[in-house]
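Line by line, the protein sequences give chains A and B.
Numbering of the first sequence is given in my numbering, commencing with residue 581 and proceeding in unit increments.
Numbering of the second sequence is given in my numbering, commencing with residue 6 and proceeding in unit increments.
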Amino acid sequence: MQMDTSPLYRRRRRTNLMGLALSMGAMVLGLIALFSILIVLFSNGLAALEPSLFTQDTPAPGSEGGGLRNAIVGSVMIVGLAVLVSTPVGILAGVYLSEYGDTSKTAEFTRFVTDIMLSAPSIVLGLFVYAIAVATVGNFSGYAGSLALSLIAIPVVMRTTENMLRLVPGSLREAAFALGAPRWKVSTMVSLRAAKSGVITGLLLAVARISGETAPLLFTALNNQFFSTNMGAPMANLPVVIFQFAMSPYDNWINLAWGGALLITLTVLVLNILARVFFREKVRA
Amino acid sequence: MQVTATMNPNQTAANATDQPSASMVGVARRQRLQDMVFHRLTQFFSLLVLVALVGIIVSLFINAWPTFAKFGAHFLWYVEWDIINEEFGAAIAIAGTVMSAGLALVLAVPLAFGIAVFLTETCPVWLRRPLGTAIELLAAVPSIIYGMFGLFVFAPLYADFLQVPLQSVLGGLPLVGWLFGGATNGLGILAAGFILAFMILPFIAAVMRDVFEITPPILRESAYGLGCTTWEVVRQVVLPYTQKGVIGGIMLGLGRALGETMAVTFVIGNANRMPTSLFSPGTSIASTLANEFGEAEGLHFNTLFALGFLLFCITFVVLALAKWMTVRVEKAKGT
Chain A
581 MQMDTSPLYR RRRRTNLMGL ALSMGAMVLG LIALFSILIV LFSNGLAALE
631 PSLFTQDTPA PGSEGGGLRN AIVGSVMIVG LAVLVSTPVG ILAGVYLSEY
681 GDTSKTAEFT RFVTDIMLSA PSIVLGLFVY AIAVATVGNF SGYAGSLALS
731 LIAIPVVMRT TENMLRLVPG SLREAAFALG APRWKVSTMV SLRAAKSGVI
781 TGLLLAVARI SGETAPLLFT ALNNQFFSTN MGAPMANLPV VIFQFAMSPY
831 DNWINLAWGG ALLITLTVLV LNILARVFFR EKVRA
Chain B
6 MQVTATMNPN QTAANATDQP SASMVGVARR QRLQDMVFHR LTQFFSLLVL
56 VALVGIIVSL FINAWPTFAK FGAHFLWYVE WDIINEEFGA AIAIAGTVMS
106 AGLALVLAVP LAFGIAVFLT ETCPVWLRRP LGTAIELLAA VPSIIYGMFG
156 LFVFAPLYAD FLQVPLQSVL GGLPLVGWLF GGATNGLGIL AAGFILAFMI
206 LPFIAAVMRD VFEITPPILR ESAYGLGCTT WEVVRQVVLP YTQKGVIGGI
256 MLGLGRALGE TMAVTFVIGN ANRMPTSLFS PGTSIASTLA NEFGEAEGLH
306 FNTLFALGFL LFCITFVVLA LAKWMTVRVE KAKGT
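Structure, rendered in structure tokens:
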């Protein structure tokens, strides 16, 4: 049978080789493009990494030197408050969706809406929080910024909590019920405890996600050139400072922007890696 | 030896028909109260998301109403952006948004497909996990990083090695020449398309890879058993099976590209003009908002809210379609 050398077979093999070569080329191209971003970020950012980055505040336009201290502190406070708010809300909402609202129409619709909010444009969320928390009060504030970030983080926490709780075997819950535990104890002390590692992974991923968000903070926390821990007033934060500095003509500002970008990326990457390692270890155990 | 009659059958039977003791009733009542509180508390929190969605739509619409009242439906295709005379139209911003997102999809989807095929078919097994993790980590990098990369690194290279050659080679051609006119300064709609493509590439690749991986092995192995080449298996077996998931993933990427602010604002050129070529500067809805919100007042302020409302509607529709498609995939999977 002349199969190996028939023209049809040869053509099929050529197509196969071309297709697989193209896909490997796409992989290489994609990896080169993406890793070049990281390489550029690290090389430019490391040049800006000095102790003054953490000890000095953002410089005025035209003045030399400066650091990002107020922006770092501001970001930590805003993100911290957002995490504090979104953790209980997100986890309890996820508990409701998985333990109580299994098949009801409301629960289905809530899941649908949560998925939409997960990928909704963050600048629109910033507009919304401006309308309800800045225009009404009369000034920009760190609280409004935290509110906007919570609106982004809560759907993430909700979804991961619900998915992790679904993985808990029903027999575990039934054993707890059989022992006479009330429903709330089964949900929290049995199911949630069993899904603990997954829920914490979800929290870490949510923190990573909101650490890098710029657009929602543009209209809510605005920016502050000076050091301030007053969350009722505009607060400096890393993403907005980077945005302002990067598009400016001043060299030291651009340098600081790269340093800030490196800090944010490192935070995000470390949180993501932590989440993976944590989850994988617990799953293995 | 004394046998204490603690389990006297008569006594047990008598106890069973007695009323439960007062303390047991108390415990049961307390537990029922706790359960009800817990139920309502968690239900309240889960409804907050719905309330937030309604709130977003309502507050955006209310703040956008003066603009809609003045221009009506005409606002959608009115090509004008005159702040001083308060004449606004959404067409420029919508055009910029759709063009940059569309270009990003055209650039990113084939690459993402190639990456997913490589990861699921040809990659050596020991390399799959690290590369897959690398792709997923890159999907987590914040968008402002992509914007800075675009402005400082990509734009100069793109201007020298892509824009100038493209313009000199294809600029004179009759049908497509107009696409490559304009200043070759490294910014513009196509530049924004490239940066957005970088941003959504890891995301779409990860979704495609996940979807390819859940193809039942028996389908692929039957195809191999019939003598198909790897490429034929991918094209004729895996892709049709995962078609809805792939399209859902692409639409998710489109949704993110449409709403992206930072990656676009740095390189799109920020000019409130209708783009006349791939190289001309333009603006997207999100970058208009980012640039002009700080000092907007009066009708300008309302118009920005109108743009935000339109953006939310567009992304809502795209994401709803994506969700509908992936739900069909999950139903077919049996989960």
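Ideal Cβ positions, reconstructed from N, Cα and C, are used throughout, including at glycine.
Grouping DSSP H, G and I as helix and E and B as strand, with all else coil, what is residue i?
{"i": "Glu-237/B", "result": "helix"}
{"i": "Phe-271/B", "result": "coil"}
{"i": "Glu-793/A", "result": "coil"}
{"i": "Gly-313/B", "result": "helix"}
{"i": "Gly-718/A", "result": "coil"}
{"i": "Glu-644/A", "result": "coil"}
{"i": "Glu-265/B", "result": "coil"}
{"i": "Asp-87/B", "result": "strand"}
{"i": "Gly-187/B", "result": "coil"}
{"i": "Glu-742/A", "result": "helix"}
{"i": "Gly-812/A", "result": "coil"}
{"i": "Leu-597/A", "result": "helix"}
{"i": "Glu-352/B", "result": "This structure cannot speak to residue 352/B, because chain B is shown only from 6 to 340."}
{"i": "Phe-66/B", "result": "helix"}
{"i": "Phe-757/A", "result": "helix"}
{"i": "Gly-840/A", "result": "helix"}
{"i": "Gly-347/B", "result": "Residue coverage of chain B in this structure runs from 6 to 340, which leaves residue 347/B outside it and unanswerable."}
Relative to the C-alpha of residue i, which residue among the options is closest?
{"i": "Asp-215/B", "options": "Ala-160/B, Val-181/B, Glu-91/B, Val-251/B", "result": "Val-251/B"}
{"i": "Glu-141/B", "options": "Phe-314/B, Trp-131/B, Leu-124/B", "result": "Leu-124/B"}
{"i": "Val-803/A", "options": "Asp-831/A, Val-653/A, Ala-613/A, Ala-606/A", "result": "Strictly speaking, residue 803/A in this sequence is Asn, with Val absent from that position. For the residues Asp-831/A, Val-653/A, Ala-613/A, Ala-606/A, the minimum Cα distance to Asn-803/A belongs to Val-653/A."}
{"i": "Ile-822/A", "options": "Leu-597/A, Ala-606/A, Gly-625/A", "result": "Gly-625/A"}
{"i": "Tyr-151/B", "options": "Val-693/A, Ser-726/A, Arg-773/A, Pro-819/A", "result": "Pro-819/A"}
{"i": "Ser-173/B", "options": "Phe-185/B, Pro-179/B, Leu-180/B", "result": "Phe-185/B"}
{"i": "Leu-244/B", "options": "Leu-259/B, Ala-228/B, Gly-232/B", "result": "Ala-228/B"}
{"i": "Tyr-246/B", "options": "Val-272/B, Val-181/B, Met-213/B, Ile-273/B", "result": "Met-213/B"}
{"i": "Ile-120/B", "options": "Ala-100/B, Ile-209/B, His-79/B, Asp-165/B", "result": "Ile-209/B"}
{"i": "Leu-316/B", "options": "Gln-24/B, Ala-69/B, Ala-164/B", "result": "Ala-69/B"}
{"i": "Leu-167/B", "options": "Ser-26/B, Ala-196/B, His-44/B", "result": "Ala-196/B"}
{"i": "Gly-187/B", "options": "Pro-280/B, Gly-230/B, His-305/B, Met-267/B", "result": "Pro-280/B"}
{"i": "Leu-55/B", "options": "Ser-771/A, Leu-661/A, Gly-718/A, Thr-694/A", "result": "Thr-694/A"}
{"i": "Leu-283/B", "options": "Arg-45/B, Tyr-163/B, Phe-80/B", "result": "Tyr-163/B"}
Rounding to the nearest angstrom, what Cα-Cα distance links residue i and residue j in this structure?
{"i": "Val-84/B", "j": "Met-657/A", "result": "43 Å"}
{"i": "Ile-97/B", "j": "Ile-619/A", "result": "35 Å"}
{"i": "Phe-757/A", "j": "Thr-740/A", "result": "24 Å"}
{"i": "Ala-761/A", "j": "Glu-742/A", "result": "21 Å"}
{"i": "Leu-312/B", "j": "Ala-95/B", "result": "7 Å"}
{"i": "Ala-711/A", "j": "Ser-64/B", "result": "7 Å"}
{"i": "Met-815/A", "j": "Leu-752/A", "result": "47 Å"}
{"i": "Ile-200/B", "j": "Phe-159/B", "result": "8 Å"}
{"i": "Val-238/B", "j": "Ala-211/B", "result": "20 Å"}
{"i": "Ser-28/B", "j": "Gln-36/B", "result": "12 Å"}
{"i": "Met-330/B", "j": "Lys-249/B", "result": "6 Å"}
{"i": "Ala-692/A", "j": "Glu-297/B", "result": "For the record, residue 692/A in the displayed sequence is Phe; it is not Ala. Roughly 32 Å between the two C-alpha positions."}
{"i": "Ala-262/B", "j": "Ala-106/B", "result": "5 Å"}
{"i": "Gly-839/A", "j": "Gly-792/A", "result": "14 Å"}
{"i": "Ile-617/A", "j": "Leu-629/A", "result": "18 Å"}
{"i": "Ala-301/B", "j": "Val-787/A", "result": "32 Å"}
{"i": "Phe-689/A", "j": "Phe-73/B", "result": "29 Å"}
{"i": "Leu-797/A", "j": "Leu-729/A", "result": "8 Å"}
{"i": "Gly-155/B", "j": "Gly-750/A", "result": "50 Å"}
{"i": "Thr-768/A", "j": "Leu-672/A", "result": "9 Å"}
If I measure Cβ to Cβ from residue i and keep anything under 6 Å in the same chain, skipping five residues before and after, which residues do I get?
{"i": "Ala-327/B", "result": "Gly-253, Met-256, Leu-257"}
{"i": "Thr-235/B", "result": "Glu-126"}
{"i": "Ser-678/A", "result": "Glu-742, Leu-745, Arg-746"}
For residue i, which residues of its own chain have a beta-carbon under 7 Å away from its beta-carbon, when the five flanking residues on both sides are left out?
{"i": "Val-169/B", "result": "Thr-189"}
{"i": "Leu-621/A", "result": "Ala-841, Leu-842, Thr-845"}
{"i": "Pro-639/A", "result": "Gly-645, Gly-646, Asn-832"}
{"i": "Leu-206/B", "result": "Ala-113, Leu-116, Ala-117"}
{"i": "Asn-774/A", "result": "Per the sequence shown, residue 774/A should be read as Ala rather than Asn. Closer than 7 Å at Cβ, skipping near neighbours: Val-748, Leu-752."}
{"i": "Arg-133/B", "result": "Leu-124"}
So, at 8 Å on beta carbons, what are the nonlocal neighbours of residue i in its own chain, with the 5 sequence-adjacent residues on each side left out?
{"i": "Arg-590/A", "result": "none"}
{"i": "Val-714/A", "result": "Phe-720, Ser-721, Ala-724, Phe-799, Thr-800"}
Mind checking whether the beta-carbon of residue i lies closer than 8 Å to any heavy atom of the ligand SAM?
{"i": "Leu-309/B", "result": "In terms of ligand content, the structure shown is empty, and the ligand SAM therefore cannot be addressed."}
Taking beta-carbon pairs under 7 Å, can you tell me which members of the segment 23 to 48 of chain B lie near chain A? Answer set for the segment 23 to 48 of chain B: Gln-36, Gln-39, Asp-40, Phe-43, His-44, Leu-46, Thr-47, Gln-48.
Interface residues of the segment 693 to 709 of chain A facing chain B [CB-CB below 8 Å]: Contacts with chain B (Cβ-Cβ distance below 8 Å) from the segment 693 to 709 of chain A involve Val-693, Thr-694, Asp-695, Ile-696, Met-697, Ser-699, Ala-700, Pro-701, Ser-702, Ile-703, Val-704, Leu-705, Leu-707, Phe-708, listed in chain order.
Between the segment 312 to 326 of chain B and chain A, which residues of the former have a C-beta closer than 7 Å to a C-beta of the latter? Those residues of the segment 312 to 326 of chain B that come within reach of chain A (Cβ to Cβ, closer than 7 Å) are Gly-313, Leu-316, Phe-317, Thr-320, Phe-321, Leu-324, Ala-325.
May I ask you to list, following chain order, the residues of the segment 634 to 661 of chain A that have a beta carbon less than 9 Å from some beta carbon of chain B? Identification of residues in the segment 634 to 661 of chain A having a C-beta nearer than 9 Å to some C-beta of chain B yields an empty set.
Would you list, in chain order, the members of the segment 715 to 731 of chain A that have their beta-carbon closer than 7 Å to a beta-carbon of chain B? Within the segment 715 to 731 of chain A, the qualifying residues are Leu-731.
By the 8 Å beta-carbon criterion, what residues does the segment 256 to 267 of chain B contribute toward chain A? Look at the segment 256 to 267 of chain B: the residues with a C-beta under 8 Å from a C-beta of chain A are Leu-257, Gly-260, Arg-261, Leu-263, Gly-264, Glu-265, Thr-266, Met-267.
What are the residues in the segment 843 to 859 of chain A lying within 8 Å of chain B by C-beta distance? Listed by position, the residues of the segment 843 to 859 of chain A near chain B (Cβ gap below 8 Å) are Ile-844, Thr-845, Val-848, Leu-849, Asn-852, Ile-853, Arg-856.
Residues of the segment 732 to 744 of chain A with Cβ closer than 8 Å to any Cβ of chain B, in chain order: When C-beta distances to chain B are compared with 8 Å, the residues of the segment 732 to 744 of chain A below that value are Ile-734, Pro-735, Met-738, in chain order.
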